[in-house]
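K.L.:
In this note's numbering, the protein residues as written are 1 to 484.
Shown next, in the form of structure tokens:
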């Protein structure tokens, strides 16, 4: 647990670094009140607060990318030099080690070097730009080579279809619209992977109105203040690079990867658009500042409002007062845990139907390791299993890890698996099990007769939705107490 809290402290530090870089970059082009407003529009986003206080590499990449953008803004103002090339090369190298999106900073860097070279009619800026690229190669080359030798891809992006399932149909305009909708919602609030905790539609309507007003104001500001154009050309160019990279990767997978957090390396683009655009509309930053404060208040109350109802505290007991609807008796690991049984119940999450699964675990032998629970809705496509939806979490959504489970205690844990949209017929299996996150290795799973489950995944139910939209569940009859 100390490692976990240390990781969260590192994330919080990186979040602060990102906001500082955003302020100093904005200050190169904007008055200090508007620069502060840019920082507030980013830092008071509920999802940014959530990621900046989580144990994640996302916010480290966000911090380093914004430091790189700050350096690019300085070059726009003051020109390119060998010293800046060395510093920027080191920045990109660190950003790439944190997350691959940092490599995209080479694109605006190359354009700036080319523009500066044409302006002074000298090839030396291009040579200096090459120095930055050489530094990236020296620092990160070992990682590219390792990926190439192990996976046949210097960036290892070919593993994404393996982990998330390959896309078996062309990426259509409808898919693009679904992706944009998903990213829009998740950019502002998505407190769990897979979009389980989206906000209510009126919240997005208000944010949408705010963003539309900001874009209109920005257009008016750019028409009137020509000195802002290079700034926003940099910001929106970088945003498109980040989005294009995300689109290319997620268009190859069966499910959308990540969420709005993957756009946070370009978070200043949204923040600056709102700050400058709203200030232009209202003439002063006071009203936009009030709106930013309201966003901050929402960020404070959002965790309690959204997390508490969906992530109820688990129950610990020595004796079961109610028997599970579906008895199982599955053993995991080397006789470490028993899954006594489970209950299934149809429920609803914001924006999608879901299946509530209550697990009844018994500790047979204590462990100092923290195992994760996986619940997958899998189907077969062209003979290969594909994950339609999934939930991967620590028991109790992290509130009661297996390292604190005590012998002979029964742990009742209610988890919620999102299902495909109501208008999507499907069929598949609900499977569950335990795995060790650092190695992704699943614990062996055995049934009551000593037979090992295929892929160490316990089949909980077959599930399908017909063309009329009716959802059907079938429990394997071999389970004691099971029904079909």
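All C-beta atoms, glycine included, are put in the ideal place defined by N, C-alpha and C.
Sorted by chain position, which residues of the same chain lie with C-beta nearer than 7 Å to residue 292's C-beta, five sequence neighbours on each side aside?
P.N.:
Cβ within range, chain order: 37, 40, 41 and 44.
K.L.:
Leaving out five residues on either side along the sequence, give the residues of the same chain with a beta carbon under 8 Å from the beta carbon of residue 82.
P.N.:
128 and 131, listed in sequence order.
K.L.:
Considering only their Cβ atoms, is the gap separating residue 253 from residue 507 smaller than 7 Å?
P.N.:
This structure cannot speak to residue 507, because the chain is shown only from 1 to 484.
K.L.:
What are the partner residues of residue 360, as DSSP defines its beta bridges?
P.N.:
In DSSP, residue 360 forms a bridge with 341 and 412.
K.L.:
Classify residue 194: buried if its beta carbon has 16 or more other beta carbons within 10 angstroms, exposed otherwise.
P.N.:
Below a pLDDT of 50, predicted positions are generally treated as unreliable, and residue 194, at 46, falls in that range; no measurement from the model is reported.
K.L.:
Threshold first: 4 residues or longer. Then list the alpha helix (DSSP H) segments lying entirely within the stretch 176-243, N to C.
P.N.:
Correct list: 201-224.
K.L.:
On the criterion of 16 or more Cβ atoms from any shown chain inside 10 Å, does residue 421 qualify as buried, or is it exposed?
P.N.:
Residue 421 should be labelled exposed.
K.L.:
Hey, quick one: how far does the beta strand (DSSP E) through residue 385 stretch, first residue to last?
P.N.:
Start and end: 384-393.
K.L.:
Note down, one range per segment and in chain order, each beta strand (DSSP E) of at least 3 residues found wholly within the stretch 274-299.
P.N.:
Listed in chain order, nothing qualifies, since the stretch 274-299 has no complete beta strand (DSSP E) run of 3 or more residues.
K.L.:
Jot down the residue ranges of each uninterrupted alpha helix (DSSP H) in the stretch 99-185, minimum 4 residues, whole runs only, in chain order.
P.N.:
Taking only runs of at least 4 residues, the alpha helix (DSSP H) segments lying wholly in the stretch 99-185 are 106-120, 124-151 and 160-164.
K.L.:
Which same chain residues, not among the five before or five after residue 376, have their C-beta less than 6 Å away from its C-beta?
P.N.:
Cβ within range, chain order: 387, 390 and 431.
K.L.:
Starting from residue 73 and walking both ways along the alpha helix (DSSP H), at which residues does that stretch end?
P.N.:
Per DSSP, residue 73 belongs to the alpha helix (DSSP H) from 58-78.
K.L.:
Do three or more CB pairs link the stretch 398-408 to the stretch 354-367 at distances below 8 Å?
P.N.:
Counting Cβ pairs under 8 Å, three or more are found: they touch.
K.L.:
State the CB to CB distance for the pair residue 222 and residue 228, rounded to an integer number of angstroms; the pair is presumed to be in contact (CB under 8 Å).
P.N.:
Indeed, because the Cβ distance is near 6 Å, the residues count as touching under 8 Å.
K.L.:
Let me confirm a value: residue 101 is counted as buried when at least 16 other C-beta atoms fall within 10 Å, else exposed. Which label applies?
P.N.:
Answer is buried; the Cβ neighbour count reaches 16.
K.L.:
Which runs of the alpha helix (DSSP H) spanning at least 4 residues fall entirely within the stretch 1-41, listed in chain order?
P.N.:
Counting only runs of 4 or more, we get 2-27.
K.L.:
Considering only the alpha carbon of each residue, which of 122, 33, 279 and 337 lies closest to residue 217?
P.N.:
Checked all of 122, 33, 279 and 337; the closest Cα to residue 217 is 279.
K.L.:
Please go through the same chain and pick out, in chain order, the residues whose beta-carbon is closer than 6 Å to the beta-carbon of residue 70, but skip the five residues on each side of it.
P.N.:
Counting only Cβ-Cβ distances below 6 Å, and skipping sequence neighbours, we find 21, 24 and 25.
K.L.:
Output the distance between the C-alpha atoms of residue 190 and residue 199, rounded to the nearest integer angstrom.
P.N.:
Rounded to whole angstroms, residue 190 to residue 199 spans 8 Å at the Cα level.
K.L.:
Residue 406 by DSSP, collapsed to three states: which one?
P.N.:
Here residue 406 sits in coil by DSSP.
K.L.:
For residue 481, count neighbouring Cβ atoms within 10 angstroms of its own Cβ and tell me buried if that reaches 16, exposed if not.
P.N.:
Residue confidence for residue 481 is low, a pLDDT of 41 falling below 50, so the modelled location carries little weight and cannot support an answer.
K.L.:
Measure from the alpha carbon of residue 75 to the alpha carbon of each residue in 117, 51 and 46, then state which is nearest.
P.N.:
Among 117, 51 and 46, the Cα nearest to that of residue 75 is on 117.
K.L.:
Using 10 angstroms around the beta-carbon of residue 468, count the other beta-carbons present and answer buried if the total reaches 16, otherwise exposed.
P.N.:
So residue 468 ends up on the exposed side.
K.L.:
If contacts are defined as beta-carbon pairs under 8 Å, then residue 213 and residue 138 qualify, I think. What distance do you get, rounded to the angstrom?
P.N.:
The Cβ separation is near 46 Å, so there is no contact.
K.L.:
According to DSSP, what are the bridge partners of residue 327?
P.N.:
Paired residue(s): 341.
K.L.:
Within a Cβ cutoff of 7 Å, which residues of the same chain sit near residue 5, ignoring the five residues on either side of it in sequence?
P.N.:
Around residue 5: no qualifying Cβ.
K.L.:
Going by DSSP, what residues sit across from residue 504 in a beta bridge?
P.N.:
No answer is possible for residue 504: it lies beyond the span of the chain, which begins at 1 and ends at 484.
K.L.:
In its own chain, which residues sit with a C-beta less than 7 Å from the C-beta of residue 250, not counting the 5 before and 5 after it?
P.N.:
179, 256 and 257, listed in sequence order.
K.L.:
Given 8 Å as the limit, is there contact between the stretch 140-158 and the stretch 347-358, that is, 3 or more CB pairs closer than that?
P.N.:
No, because fewer than three Cβ pairs between the stretch 140-158 and the stretch 347-358 fall closer than 8 Å, the two stretches do not touch.
K.L.:
Is the beta carbon of residue 73 less than 7 Å from the beta carbon of residue 135?
P.N.:
Cβ atoms of residue 73 and residue 135: not closer than 7 Å.
K.L.:
Taking only the alpha-carbon atoms, compute the straight-line gap between residue 381 and residue 263 and give it to the nearest angstrom.
P.N.:
In a straight line, the C-alpha of residue 381 is about 31 Å away from that of residue 263.
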